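Okay, so here's the structure we're looking at.
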Amino acid sequence: GKPTLYGSLTRRGLSNEGVPDIAASEGFVVGEVTKKSILISCPHENVSTKFLAPYTTFSRIHQKSITCLDISSGGGLGVSTSTDGTMKIWQAANGEIRRLLEGHVYDVNCCRFFPSGLVVLSGGMDAQLKIWSAEDASCVVTFKGHKGGILDTAIVERGRNVLSCSRDGTARLWDCGKSACLGVIADCGSPVNGIAVGTADNSLNLGTPEKVPSEREVGTEGKILLLAREDKKLQGVGLQSRQPVFLFVGSDAFNCCTFLSSTYILAGTQDGNIYQLDVRNTNTPIQVIHRSGAPVLSLLPYRDGFIASQGN
1489 GKPTLYGSLT
1499 RRGLSNEGVP
1509 DIAASEGFVV
1519 GEVTKKSILI
1529 SCPHENVSTK
1539 FLAPYTTFSR
1549 IHQKSITCLD
1559 ISSGGGLGVS
1569 TSTDGTMKIW
1579 QAANGEIRRL
1589 LEGHVYDVNC
1599 CRFFPSGLVV
1609 LSGGMDAQLK
1619 IWSAEDASCV
1629 VTFKGHKGGI
1639 LDTAIVERGR
1649 NVLSCSRDGT
1659 ARLWDCGKSA
1669 CLGVIADCGS
1679 PVNGIAVGTA
1689 DNSLNLGTPE
1699 KVPSEREVGT
1709 EGKILLLARE
1719 DKKLQGVGLQ
1729 SRQPVFLFVG
1739 SDAFNCCTFL
1749 SSTYILAGTQ
1759 DGNIYQLDVR
1769 NTNTPIQVIH
1779 RSGAPVLSLL
1789 PYRDGFIASQ
1799 GN
């Protein structure tokens, strides 16, 4: 690539409204400045970045780095896991801890709310998947079957079925009502770092199941499961058919993936690439976004675009 351009910002003073007056060094331009944001551009490279300050910081929920976080559908509660070994539910408004979810052995890797916002799904290094009541912190279901740590989860529609992926190279579908495994959706022979489930475009051939699906499978028809794999592959599998739909090879291990729509998907790699693909034709990416070489750790659709987090 090109040599990195370096610059600096200097604060010259403060306006009467409390907004800083900031100047940029040669090659950079300061755009809009508010108390909570600053827009910096580099005209020569035709790039700009808006830096946002957090409006709230919760520093007392965890003692060490946070590995996963989710907010309930109503926005009232947060759930998070940390390398301090804890998983906690807290109030999103003020960070007040409401519940401590205890029961996994070793670290918890991932956590998310069910659409109801009353129940939490978690996956741990102990190869167990657990369902918790957000109201009283009780563990209501434990799923066992994976042979390695669980790295990500997904919820099918309202949550009668859930999905998990693991270091053991498999993605599994589970029946919450009977706490049973409904099947191995994919067996990759390589750790599956992230998954996402979405409704597939009508024109996409998802394949036909080899045997009649169990009546305990709810909402799997017409869905595609994305698998972000450690072996540099992004795979699409028909959720009900268990048949491969596409396989895309990237520049490095895939860490995460998400749907932007029924046709467009995103996936992030360990070497900092974000691939946007059309599921109807994954031969060539629509675009590859590269802001830095730091690993892309999570992706989230937001308004007309997306939010990405990187390990820098």
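Everything in the sequence shown is counted per the working numbering, starting at 1489 for the first residue and increasing by one.
Virtual Cβ for every residue (Gly too), placed ideally from N, Cα, C.
Just so you know, these numbers come straight off a predicted model, no measurement behind them.
Three or more beta-carbon pairs separated by less than 8 Å link the region 1733-1753 to the region 1678-1695, which places the two stretches in contact. The region 1654-1713 contains, as complete beta strand (DSSP E) runs of 3+ residues, the segments 1658-1663, 1668-1675 and 1680-1687 (chain order). Between Glu1705 and the set Thr1757, Glu1645, Val1737 and Thr1751, the nearest pair of CA atoms involves Glu1645.
In this structure Asn1582 is exposed. Its beta-carbon is surrounded by fewer than 16 other beta-carbon atoms within 10 angstroms. Excluding its 5 nearest sequence neighbours in each direction, Asp1675 has C-beta neighbours in its own chain below 7 Å: Gly1657 and Thr1658, listed in chain order.
With respect to Glu1533, Leu1589 sits apart: the two C-beta atoms are not nearer than 8 Å. Contact fails between the region 1550-1560 and the region 1509-1528, because fewer than three Cβ pairs, one in each stretch, are under 8 Å apart. For Thr1555, the uninterrupted beta strand (DSSP E) run begins and ends at Ile1554 to Ile1559, by DSSP.
For Gly1566, the enclosing beta strand (DSSP E) stretches over residues Leu1565 to Ser1570.
Met1613 and Val1629 have their C-alpha atoms roughly 17 Å apart.
Our two residues, Gly1566 and Leu1606, have alpha carbons roughly 11 Å apart in a direct line. Going by C-alpha positions, Lys1523 is about 15 Å away from Arg1500. If you look at His1778, you'll find it in the beta strand (DSSP E) that goes Gln1775 to His1778. The beta-carbon distance between Gly1564 and Gln1579, rounded to whole angstroms, is 7 Å. This is short enough to meet the 8 Å contact definition. Counting the other CB atoms within 10 Å of its CB gives Ser1729 a total of 16 or more, which places it among the buried residues.
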